[in-house]
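The sequence shown stops at residue 607 when you use my numbering, and every number in between is there.
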Amino acid sequence: MTTLTETHPTDPTRPHGFTTTQVHAGGSEGDGPGSASPRATPIHLTAGFRFAGYEDAEAHFGAGEGYAYTRHGNPTTESVERRIARLEGGAEALFLASGQAAITTTLLGLVGAGQRVLASPSLYEGTRGLFLENLPRLGIETDFVADPADVGAWERAITPDTRVVFLESIPNARGDVHDLAAIARVAHARGLAFVVDNTLATPYLLRPIEHGADVVVHSASKFLAGHGSVLGGVVVDAGTFDAEASGRLYPHLVAPSRLGAASLVERHGGRARIAYLRESVAPRFGPTPSPINAFLVGQGVETLSLRVARQSTNALAVARFLDGRPEVDHVDYPGLGASPSDGLARRYLPDGQGAVLQVTLHGGASAARRFVEGLGVVTHMTHVGDVRSLVLHPASTSHVLRTPAEQAAQGVHPGTLRLSVGIEDLPDLLDDLERGLKAVAA
């Protein structure tokens, strides 16, 4: 059973397990005798909050005490933030409107005009578009490591202007796992922030902070929520900002405010990074989540371990079923023994290698179409992390604006399909995939 540092309330020497923590951490507590004490997290569906007195308003805007406006903080949202921070082993979390908002907010808080991001080439296509098309308009460029499996290549690719090292713990959707601890050492030797997108692994399978990550981001719309019904994103900070080692790279975290007030690092110490995101980036750019969405993500988190364990087991069985079939050219899944990432997957993902895989069929786009149209249980849609199994043809959808050479570099070929495996009974999934393969053969 996976355990966390969250301790038992009556025995501090005994840690809670992951599933106990995901159900109880960050939950709402009663206000005392006679008060309403809901067991589920209450939804504070309000734009603003009344001040009890003149001094309360002053305290909020001066010291950040209490609540004033949901764009700056909401009790429902903060309950979910505390729970996810505990599960990731982080110091603090910030819940936002989407996974893209989480990545963008993080980067805008750490990288400025004229500076650079260093990233793995194996990325979710939405993140790649952000790096290649949107951030350059703000003067922020991205360098991609030629061979992310070569730790030396990461070190050689760092420039004096690099401020963030970025990768996905399980890349969407090739699953070529990276050596997190080694890359963290490379980043920290230069004082750089190491940011890991942990969407596909989830904290149940992998907690990047334990391997040196400084910041973890999620599309909470995926596995954390789990049911394909809500959008959300989250940033988790390790609380490890070191002003002595990194202050020269991030002067906005160590300099006094423009009015001469104490710096972020003086006020928040190792949490200066996420304090800047919470105080200066998120409220000003405005990716504010609805309290309802936060509530639904919190509900999803309560069953995270149960779903991800089942999905990972199903995905490995599906990958093995498809691997070696005559209709299949190859399968990309880190849990397969033949995968180039098998060794790293065993090291970093011993409890399961996630629910997402790519399968490339012989016969190109026409074979992919016949396969998709032959399915009945697996749903054709653009999403991952749902309790339902999903399929998508990247070359004609998510990667359609990329050249064939760019697609191939990402492992996307005319016959490639992305599968996000759900919690259905495995025999039903395999029967459905068999129907798809028979349609290809026909």
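Idealized CB from N, CA, C, for every residue including glycine.
DSSP beta-bridge partners of residue i
{"i": "residue 213", "result": "234"}
{"i": "residue 204", "result": "DSSP output for residue 204 lists no bridge partner at all."}
{"i": "residue 383", "result": "399"}
{"i": "residue 584", "result": "522, 556"}
{"i": "residue 376", "result": "DSSP output for residue 376 lists no bridge partner at all."}
{"i": "residue 497", "result": "523"}
Where the alpha helix (DSSP H) containing residue i begins and where it ends
{"i": "residue 517", "result": "Unbroken run through residue 517: none, as it is neither H nor E."}
{"i": "residue 481", "result": "469-487"}
{"i": "residue 353", "result": "345-354"}
{"i": "residue 317", "result": "316-322"}
{"i": "residue 577", "result": "Taken as a continuous stretch (DSSP letters only), residue 577 belongs to no alpha helix (DSSP H), as it is neither H nor E."}
{"i": "residue 367", "result": "367-370"}
{"i": "residue 491", "result": "Per DSSP, residue 491 belongs to no alpha helix (DSSP H) and is neither H nor E."}
{"i": "residue 409", "result": "408-411"}
{"i": "residue 601", "result": "591-606"}
{"i": "residue 418", "result": "416-419"}
Inter-residue Cα distance where the pair is residue i and residue j
{"i": "residue 220", "j": "residue 214", "result": "14 angstroms"}
{"i": "residue 208", "j": "residue 460", "result": "7 angstroms"}
{"i": "residue 189", "j": "residue 473", "result": "18 angstroms"}
{"i": "residue 297", "j": "residue 286", "result": "12 angstroms"}
{"i": "residue 594", "j": "residue 362", "result": "28 angstroms"}
{"i": "residue 306", "j": "residue 607", "result": "48 angstroms"}
{"i": "residue 596", "j": "residue 265", "result": "35 angstroms"}
{"i": "residue 500", "j": "residue 510", "result": "7 angstroms"}
{"i": "residue 398", "j": "residue 462", "result": "9 angstroms"}
{"i": "residue 198", "j": "residue 217", "result": "The predicted model places residue 198 with a pLDDT of 45, which falls under 50 and marks its position as unreliable; any figure quoted below should be read in that light. Between residue 198 and residue 217, the C-alpha separation is close to 21 angstroms."}
{"i": "residue 456", "j": "residue 489", "result": "47 angstroms"}
{"i": "residue 414", "j": "residue 547", "result": "38 angstroms"}
{"i": "residue 133", "j": "residue 583", "result": "Nothing about residue 133 can be read from this structure; the chain reaches only from 166 to 607."}
{"i": "residue 523", "j": "residue 581", "result": "7 angstroms"}
{"i": "residue 507", "j": "residue 423", "result": "51 angstroms"}
{"i": "residue 592", "j": "residue 314", "result": "36 angstroms"}
{"i": "residue 430", "j": "residue 317", "result": "32 angstroms"}
{"i": "residue 515", "j": "residue 585", "result": "19 angstroms"}
{"i": "residue 339", "j": "residue 293", "result": "14 angstroms"}
{"i": "residue 179", "j": "residue 466", "result": "23 angstroms"}
With 16 other Cβ atoms within 10 Å as the buried cut-off, status of residue i
{"i": "residue 299", "result": "exposed"}
{"i": "residue 599", "result": "exposed"}
{"i": "residue 324", "result": "exposed"}
{"i": "residue 391", "result": "buried"}
{"i": "residue 241", "result": "buried"}
{"i": "residue 562", "result": "exposed"}
{"i": "residue 227", "result": "exposed"}
{"i": "residue 387", "result": "buried"}
{"i": "residue 191", "result": "buried"}
{"i": "residue 329", "result": "buried"}
Chain C within 8 angstroms of residue i, Cβ atoms only
{"i": "residue 353", "result": "The question asks about chain C, but that chain is absent: this structure has only one protein chain."}
Residue range of the beta strand (DSSP E) that includes residue i
{"i": "residue 329", "result": "327-333"}
{"i": "residue 358", "result": "358-362"}
{"i": "residue 306", "result": "306-309"}
### Query
Fully enclosed by the stretch 510-572, which beta strand (DSSP E) runs are 3 residues long or longer?
At a cut-off of 3 residues, the continuous stretches assigned as beta strand (DSSP E) that sit fully inside the stretch 510-572 are 521-526, 555-557.
### Query
Which full runs of the beta strand (DSSP E) of 3+ residues lie inside the stretch 222-290, going along the chain?
Entirely contained in the stretch 222-290, the beta strand (DSSP E) runs reaching 3 residues are, in chain order, 257-261, 281-284.
### Query
Which whole runs of the alpha helix (DSSP H) in the stretch 434-458 are 4 residues long or more, in chain order?
Whole alpha helix (DSSP H) segments, 4+ residues: 437-441, 447-450.
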